[in-house]
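Add 91 to the 1-based position in the sequence shown for the working numbering, that's all there is to it.
For reference, the structure is listed below as structure tokens.
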Amino acid sequence: MQKLIAYSAISTKIRAMQGKLLTDSDFKEIAESSSVTEALTVLEKHSPYANAFQGTDPETLHRKDIERILLTQKYSDFAKLYRFANTKQRKFLELYFMHYEIAILKRALRACFNQKNIDIDLRGSIDFFRKHSHLDMDALLAAQTLSEFIEAIKGSSYYDDLNKLFQQEGTTLFDYELHIDQLYFKRIWTLKDKYLGKSERQFLTATFGSRMDMLNLQWIYRSKRYYHLDNNYIYSLLIPLYYKLHAPEIKALVEAGTQEEFEAVLQSTYYGKLEAKLFTDNFDLEKLYSAVLSKIYQMTAKNNPYSIALINSYLFHKEGEINRIVSTIEAVRYGLPADQIMSDILKQNSRRSSE
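Printed below as a string of structure tokens:
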């Protein structure tokens, strides 16, 4: 009864917001559009995106413009939930916010390495970040060199680790991004035990742990198949935490000599057994990633409707929706057939921690 009372307001809010998420048929209608203008018109029929592109010329909007506008919608949903949340729920949301924060960090880093202006526009969202972030967003967005980037994050929880990298010779953008990802996952894995109660920790462990495992699986697979990296180097790339994918299984996957051996090892793991239940067609790790995470987020929310699991699940699915909208509109821009667009977006997933 106590949980019911504590989560009553925010659960009601989330259910109303869930009812406005796009369905497959909604995506199909967007995919069948003949132009970006038509696709955006179809999108704006849905209330969360009504008038989102008002005052813009759809034909002049590039991908980054569409992303900026849609990111504002994502941050807006987070802000709505934060307003409805009680103190305990806000603790979880503050942990979740790190996910948005490191995305900005990585964009800023890329801009510094490429000697270009940062490729994200926070108009409409800057107040959101100023409220929830401990970073100096104005300084971060203005940084044009690595030294300015490091100075901008001074005093934050990211400074010590990234400054150590900065002091080393020959550090690459990949090194920084990998370090940020590993830092993010290790920090969340530790802080969840400090700030969340027992039941909340269980929900976050299930979703976050599965996400770490699946990202490690993807990175092992890609490193071996596409980049042919040395095994010792592959180990250095992995998130050094385990959930359902255990150390001996990771070792066997990394040291598999062929794709067939990799798939055979995978089939014996928790996720390989899930794959056998979810699919009957050919091996597709990208599709498995998306399906496994979606299923786990849905299950934790369904089984624990008055808990942070519901908040966690909604934010996950909202982010996935926005990623798929951007991909669908880009595919329409390039004239891809609707059937191909639908096939592609069904297996779309976020990359490591933020992209």
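All C-beta atoms, glycine included, are put in the ideal place defined by N, C-alpha and C.
Note that the coordinates shown come from a computational prediction; the quantities given were computed from them, not determined experimentally.
If you draw a straight line from the Cα of K165 to the Cα of G348, it comes to about 42 angstroms. Taking C-beta atoms as the reference points, E412 and R154 fail to come closer than 8 angstroms. In the three-state scheme derived from DSSP, where H, G and I count as helix and E and B as strand, D148 is classed as coil. Runs of alpha helix (DSSP H) with 4 or more residues, each lying fully within the region 315-403, are found at 322-328, 338-345, 350-358, 361-369, 376-394, listed in chain order. In the three-state scheme derived from DSSP, where H, G and I count as helix and E and B as strand, Y425 is classed as coil.
Counting only the Cα atoms, I241 lies some 16 angstroms from N205. For a cut-off of 8 angstroms, the C-beta gap from I341 to L329 is around 7 angstroms, short enough to register as a contact. At least 8 angstroms separates the beta-carbon of I96 from that of I402. For the set S99, F294, A122, the Cα lying nearest the Cα of G426 is the one of A122. Between the alpha carbons of E185 and M228 lies a gap of roughly 17 angstroms.
In this structure the region 295-311 touches the region 386-394; the number of beta carbon pairs closer than 8 angstroms is three or more. Inter-residue distance for A233 and G363 is about 45 angstroms (C-alpha atoms, whole angstroms).
A straight line joining the alpha-carbon of S167 with that of V345 spans about 41 angstroms. Our two residues, Q235 and H270, have alpha carbons roughly 20 angstroms apart in a direct line. Here the C-alpha atom of Q109 lies approximately 47 angstroms from the C-alpha atom of Q259.
Here the C-alpha atom of S404 lies approximately 32 angstroms from the C-alpha atom of A343. Here the alpha carbon of L200 sits roughly 18 angstroms from the alpha carbon of I217. By the beta-carbon neighbour count (other beta carbons within 10 angstroms, threshold 16), D251 is exposed. DSSP places M92 outside both helix and strand once states are collapsed to three, so it counts as coil. Collapsing the DSSP output to three states places H137 in coil.
In terms of CA proximity to A176, I101 leads the group I101, P396, L376.
Per DSSP, the unbroken alpha helix (DSSP H) holding H270 starts and ends at 264-286. Excluding the 5 residues flanking it on each side, S314 has same chain C-beta neighbours closer than 7 angstroms at L320, I325, L328, in chain order. Counting other Cβ atoms within 10 Å of its Cβ, E268 reaches 16 or more and is therefore classed as buried. Close CB contacts of P396 within its chain, under the 7 angstroms cut and outside five residues either way in sequence, are with S102 (chain order).
Note that the C-beta distance between Y317 and K335 is not below 8 angstroms. Counting every other CB atom within 10 Å of its CB across the protein chains shown gives R302 a total of 16 or more, marking it as buried.
With a contact defined as Cβ atoms closer than 8 angstroms, V133 and E150 miss out at about 16 angstroms. Just measuring C-alpha positions, the residue of N322, V417, K283 sitting nearest F183 is K283. The DSSP-derived three-state label of I241 is helix.
Counting only the Cα atoms, Q180 lies some 16 angstroms from H190.
Annotation: the continuous alpha helix (DSSP H) that includes Q293 extends over 289-313.
For Y249, no alpha helix (DSSP H) run applies, since DSSP gives it neither H nor E. Here Q206 carries a coil assignment [DSSP, helix/strand/coil].
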